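All the letters of the sequence shown, read from the start, carry residue numbers 165 to 914 under my numbering. Report on the following structure.
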Amino acid sequence: MIQVQTATLGYPRIGKNRELKKALESFWNGTVSAASLVQTAQAIATQNWQTQLAAGIDRIGVGDFSLYDPVLDWSLRLGIIPARFQHLTGLERTFAMARGREGIPALEMTKWFDTNYHYLVPEIGEVWQEPDFSDFWATVERAKGILGERTTPIVLGPLTLVRLSRLELDLETTLTRLSERYTLLLAGLKNLGVLEVQIHEPALVLGDAGHFQKFYQSAYATFQAVGLPIHLVTYFDDLGEAFPWVIQLPVAGISLDFTRGQNLHLLRRYGFPGDLCLGVGIVDARNVWQIQPDTVMATLQAIQTFSSHLRIQPSASLQFVPYDSRRETELPLPLRQVLSFAEQKLAEVKLLAQMLQGDVQAESELTTRRSYWEAFSAFRPSHPAVQTRLDHLQPRDFERSLPYAQRLTQQPVLPLFPTTTIGSFPQTPEIRQLRAQWKRGEMTQQEYEAAIDREIAKCIRYQEEIGLDVLVHGEFERTDMVEFFAQQLSGFAFTQHGWVQSYGSRCVRPPIIYGDIARPHPMTVREFRVAQSLTPKIVKGMLTGPVTMLNWSFPRIDLPRATQALQIALALRDEVADLEAAGARIIQIDEPALREGLPLKPERWDEYLTWAVDAFRLAAGIAQPATQIHTHMCYSEFGDIIRHIERLDADVLSIENSRSNNETLLEIADAGYHHQVGNGVYDVHSPAIPTTEQMVTQLQMGVAHLPKEQIWVNPDCGLKTRRWEEVLPALKNMVAAAKILREEVYVSGE
Ligand code: GLN
Ligand code: ZN
């Protein structure tokens with residue numbers, strides 16, 4: 165007889181009504197006390213536990229809650245605190261590490277694996293402080309009071325911590341120190357009387373896990389000696405080549421993600437030690453959809469032959485989905501019935517466990533779910549015309565009609581080092597208020613548009629005064645670069661409460677793709693026309709690219725992501741044609757999220773980049789040779805994917821460069837990139853106003869590495885989070901820097 169239990173690996177932390185966000189922001193601006201912040205946080209954690217308890221979960225993950233970021237919490241507990249923060253204590257230190265403070269830069273922030281959550285990168289140096297696990301132990305004790313034996317502490321594994329750190333100490337010393345500290349931690353947990361601990365080691369799914377094999381083996385042998393059963397948790401992909409040795413590690417159980425990668429295949433190939441508990445991550449923690457009963461049951465039947473002790477669970481922490489889909493009462497019922505957020509996923513976990521135990525009632529529950537899916541497929545907007553168009557695409561649809569060198573001669577003639585911006589200008593409180601009024605129906609469409617047009621006019625006037633060469637309309641009508649387009653396309657749905665944490669107090673509410681995507685009407689042409697009518701200078705049309713639209717939404721699960729990207733690309737292709745017809749001579753298609761969609765395993769990069777770049781090419785391919793296509797990406801590191809960047813075939817690529825110290829530019833230059841490059845000359849994330857001299861230096865660096873005709877001058881990203889008082893002088897200095905460069909070139913007689 166097999167034993168079937170249920171477990172969770174973490175829960176959303178922001179609170180059902182974003183209580184944590186509100187409490188944090190109030191604490192930071194001094195309107196609530198530290199005690200009240202902590203009280204709010206504990207109330208959220210308690211409610212999370214109670215929800216999981218009510219759902220009947222057997223092993224409830226606890227201790228993943230954090231005021232800002234769990235990786236930061238582990239750095240603090242382990243005593244990994246960079247020297248610049250060591251004089252601080254308590255919350256002051258926590259938030260200084262998270263957000264920086266006068267003269268002390270924060271820890272770097274970066275994406276957590278391939279998710280849209282961002283963690284704070286630990287800096288492991290020579291000098292550590294004493295470890296202090298007291299807050300963690302206190303949480304576990306508090307949880308035990310509510311959950312009893314179900315309490316299962318979640319610990320971030322030492323090798324994942326190291327793998328994600330900036331390591332300035334040698335690996336051996338680091339791991340020796342960590343082993344001692346983790347041993348202390350585990351002994352403390354054992355004393356608290358918990359039945360088992362989850363140690364999360366998602367780094368095991370990365371391609372380089374093999375390099376660390378002997379460290380995993382020795383660390384886990386040490387931990388085993390403590391005598392507290394360890395459940396080793398992995399997610400986000402399969403174990404790949406590491407599979408055979410990982411399943412031999414001295415632990416009591418191992419969790420695998422069966423929603424991504426090839427773990428079932430690996431299980432079949434290598435088997436699984438029969439006495440080990442197998443954590444079956446089968447309910448997808450990263451999408452918003454209900455399980456599809458037949459597929460999931462078939463997978464479970466196959467898995468259950470490999471261990472007599474199964475844990476049915478979400479594939480990862482549920483932090484990647486919102487709390488409760490039942491609250492989305494404005495969504496049509498057939499759609500709402502197939503959505504599944506955290507609470508619904510708990511019920512699914514329970515249901516699947518009951519199914520495996522032969523529970524008859526569970527069977528009828530599954531039948532209900534099948535009927536939801538049937539109702540949904542009847543309801544789902546389908547656009548046969550879009551599908552037909554995709555089926556009939558020809559290779560030439562993905563290509564500009566002339567190669568770059570020939571297009572170049574037809575494109576707008578601009579001064580050397582042309583100056584421009586990335587698109588958005590300050591989104592002031594007044595603009596946000598305007599939009600809120602319009603949404604509440606307190607303002608007519610005409611009044612709203614007239615107000616937007618006044619902003620556009622002001623923005624054009626400023627840009628002319630500053631002397632920029634290529635202007636933009638300013639994106640005042642856009643809340644968000646994805647949402648704005650999604651709202652005008654069919655096939656996207658929007659939630660009221662579907663917030664997920666991006667980092668710290670920042671939350672996003674991604675649109676949900678639930679049907680075929682089509683463009684019922686032009687999306688940006690009106691504002692473009694208004695802007696272009698006000699100036700003889702060229703105004704750039706501004707679009708968000710297909711891959712970014714996809715990566716910042718919850719995709720549907722019945723169609724490959726590639727197909728969804730192509731559907732969006734077709735809509736954008738029509739928009740490009742309409743902008744051109746309206747007189748646009750330059751069109752920018754932003755793809756800031758292209759790189760972040762890269763799969764975790766490098767061997768899958770090519771496959772992803774092939775369709776991602778194809779989608780961009782499909783959107784841009786319609787443009788006449790004389791139309792200049794720009795794209796923008798705001799992160800560094802292109803070296804490894806430069807061939808794909810070239811294949812975008814954009815005429816101008818603008819990049820973030822000022823924060824990465826020109827590294828990106830150098831990579832691009834080294835690779836022999838021969839299209840034009842907008843070299844981000846100042847950091848828009850800093851309130852500091854860059855001086856002309858700084859930007860001249862930045863540009864000279866560009867000139868030293870790239871032919872001068874290839875270089876554009878722009879900030880490194882959009883300006884929407886800045887204030888006009890910052891933007892105007894910064895851009896004036898930028899234009900002055902471009903002029904100085906032009907004169908230098910003229911004087912040197914080149
Ligand atoms: N055009 C967008 C803007 O200027 C680009 C934003 C981005 O790269 N994230 O805001
Ligand atoms: Zn950007």
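Note that beta-carbon positions come from the ideal geometry of N, C-alpha and C, so glycine has one too. The structure displayed is predicted, hence computed values, not measured ones.
Identified DSSP bridge partners for residue i
i	result
Tyr175	Answer is none; Tyr175 lacks a bridge partner.
Ile363	Val319, Leu396
Ser818	His796, Gly842
Asn878	Gly844
Gln752	Met706, His794
Pro478	Val447
Tyr380	None, per the DSSP bridge assignment.
Val226	Pro317
His473	Gln167
Ser419	Val397, Gly443
Ala726	Answer by DSSP bridge pairing: none, since Ala726 is not bridged.
His282	Lys275
Leu566	Paired residues: none, contrary to the question.
Cys671	Gln665
Phe718	Ile676
Val634	Ile702
Residue from the options with nearest C-alpha to residue i
i	options	result
Ile166	Leu464, Lys704, Thr493	Leu464
Phe658	Tyr667, Ser666, Phe648	Phe648
Val703	Gly638, Ile805, Gly655	Gly638
Gly174	Gly227, Leu632, Phe300	Gly227
Gln206	Ala406, Val845, Ala187, Ala462	Ala187
Asp880	Gln525, Asp233, Lys903, Pro854	Pro854
Phe249	Val550, Met797, Met261	Met261
Ile753	Trp716, Thr274, Thr712, Phe718	Thr712
Leu714	Asp722, Ala199, Ala726	Ala726
Arg887	Val848, Gln864, Leu905	Val848
Gln211	Leu311, Ile268, Thr253	Leu311
Leu138	Arg330, Gly352, Leu323	The shown model of the chain, from 165 to 914, leaves out residue 138, and the question about it has no answer.
Gln483	Glu820, Leu830, Lys180, Glu287	Lys180
Ile677	Ala615, Arg544, Asn193	Arg544
Tyr536	Gly836, Gln454, Gln575, Gln574	Gln454
Val168	Thr274, Ala517, Ile363, Leu284	Ala517
Pro576	Ala511, Leu515, Ala790, Glu494	Ala790
Ile809	Asn821, Glu820, Thr795	Thr795
Ser850	Pro269, Leu236, Ser200, Val634	Pro269
Tyr380	Thr316, Ser343, Leu356, Pro176	Ser343
Ser504	Asp448, Glu538, Met461	Asp448
Asp813	Asn821, Pro593, Gln570	Gln570
Classification of residue i by the beta-carbon crowding that lies within 10 angstroms, buried from 16 upward
i	result
Ser298	exposed
Ala919	Since the first residue shown for the chain is 165 and the last is 914, residue 919 is missing from the structure and cannot be characterised.
Arg947	Examination of residue 947 is not possible in this model, given that the chain is present from 165 through 914 alone.
Glu739	buried
Asp603	Reading off the sequence, residue 603 comes out as Lys, not Asp. Lys603 is exposed by the Cβ-count criterion.
Asp804	exposed
Leu328	buried
Glu831	buried
Val664	buried
Asn355	exposed
Sequence-distant residues of the same chain with beta carbon closer than 7 Å to residue i, five excluded per side
i	result
Gly747	Gln696
Ile859	A small fix is needed here, since residue 859 is Met in this sequence, not Ile. Counting only Cβ-Cβ distances below 7 Å, and skipping sequence neighbours, we find Val845, Tyr846, Asn897, Met898, Ala901.
Asp555	none
Arg341	Trp292
Glu529	Leu515
Ala835	Ile806
Leu773	Ile805, His808
Contact set for residue i: own chain, Cβ-Cβ below 8 Å, skip 5 residues either direction
i	result
Tyr384	Ile394, Leu396, Leu413, Pro414, Val415
Leu349	Arg241, Pro295, Phe297, Phe300, Val319
Phe422	Leu428, Val444, Gly445, Ile446, Thr463, Ile467, Ser479
Pro893	Ile853
Residues near residue i by beta carbon distance below 6 Å, same chain, minus five either side
i	result
Met705	What sits at residue 705 in the sequence shown is Gly, not Met. Within the same chain, Gly705 has close Cβ partners Phe692, Leu743, Ala748, Ile751.
Arg781	Phe562
Asn826	Met865
Thr274	Val285
Leu431	Phe470
Gly662	Pro486, Arg673
Practice task
Could you name the residues whose beta carbon sits closer than 6 Å to any heavy atom belonging to ligand 2, keeping them in chain order?
Solution key: Ile586, Pro756, His796, Cys798, Cys881, Gly882
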